[in-house]
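Counting from 11, one number per residue, gives the positions in the sequence shown under my numbering.
Backbone N, C-alpha and C define an ideal beta-carbon position, used for all residues, glycine too.
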Amino acid sequence: MDTIFDEIPSLAKVEDREFGTPRKVKSFVLRSSGLKPFQLEALRLYYSSHVVEFQKEILDFKALFGNENPVIIEIGFGMGTSSHRIAKDRNEYNYLGLEVFLSGFAKLLSLVGNDGLSNIRLMRFDAVEVLTHMVADSSVAGFHIFFPDPWPKKKHHKRRLIQEPLANLMASKLKKGGYIYSVTDWEEYAYQMLDVFAKVPSLTNPFGGFAPPKAWRPTTSFEQKGLEQEFPINEVWVEKQ
Ligand SMILES: C[S@@+](CC[C@H](N)C(=O)[O-])C[C@H]1O[C@@H](n2cnc3c(N)ncnc32)[C@H](O)[C@@H]1O
């Protein structure tokens, strides 16, 4: 039987790796995703208007969005309900959402496509590779990383997204005055975030520690689960000097 990957082959690939070569340590594992009819429909309807495919070429944000509004990149939007809300409410920005989880990707695609939002594009690809190959230095106004996978077991800590290599990479992509806004319900990871960002010379923390929550950030689906277990929510906000 044909699958959506036969219809849209580029959807199937989430990392840039030659067949048969060893996989680098990644911050994600792919969950299987049985897509519902509305998600399949969204992929068919909105792929060409709202999805950017991976290529080793720097993106032209002005051409992509048709304006020069500042660009925010979100890494790991999950089901995307908060990303949809933010793109609608704060439409003076453009958004590039990165997520490898197909079900969430198709869900957000349906939300933004049905609303006809023109200030958001999505990519189903490893964020590290997208930043490395497709985003110009000093071109990004902000990064959102809400509830990155905590990888709580020590042997899995190497999979955590927020470590020095990604922090340095994000800092190099930020414009002067741009920000990284990262939130977690895993306390020990929250302290790791503070430490990691403190080691990047071009980043400053205007709060000297955890930041107050931003009123415009809606509760995410992953956050909701943490709140039900009474996990503390810690917010980290740093800026490029
Ligand atoms: C714990 S979920 C949080 C999702 C959402 N932000 C929320 O708060 O509900 C983290 C998400 O990050 C995605 N992710 C992890 N590493 C990624 C990477 N390198 N590139 C793109 N997405 C990634 C995972 O697929 C997962 O859906």
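Closest option to Q239, judged by alpha-carbon separation, among A146, G187, W196: W196. Every unbroken stretch of the beta strand (DSSP E) spanning 3 or more residues and falling wholly within the segment 108 to 187 is given here in chain order: 130 to 133, 150 to 156.
Remark: the C-beta of D16 is outside contact range of ligand 1, defined as less than 8 angstroms to any heavy atom. Taking the Cβ of P158 as the reference point, at least one heavy atom of ligand 1 falls within a distance shorter than 8 angstroms. S37 has its Cβ nearer than 8 angstroms to a heavy atom of ligand 1.
Ranked by Cα distance from E25, the first of R134, G76, I68 is R134.
According to the DSSP secondary-structure assignment, N79 is paired through a beta bridge with no residue. In this structure, V122 lies away from Y57, with their beta-carbon atoms at least 9 angstroms apart. Taking each of L108, A151, M89, Y199 in turn and checking the Cα distance to A137, the smallest one comes out for L108.
Y189 has G152, E249 as its beta-bridge partners, per DSSP. Of the residues M203, I130, T142, the one whose Cα lies closest to the Cα of Q173 is M203. Put simply, the backbone Cα of M144 is about 10 angstroms away from that of F71.
Separation of Q49 and I85 (C-alpha to C-alpha, rounded to the nearest whole angstrom) is 20 angstroms. Judged by their CB atoms, V193 and E139 are not nearer to each other than the 9 angstroms cut-off.
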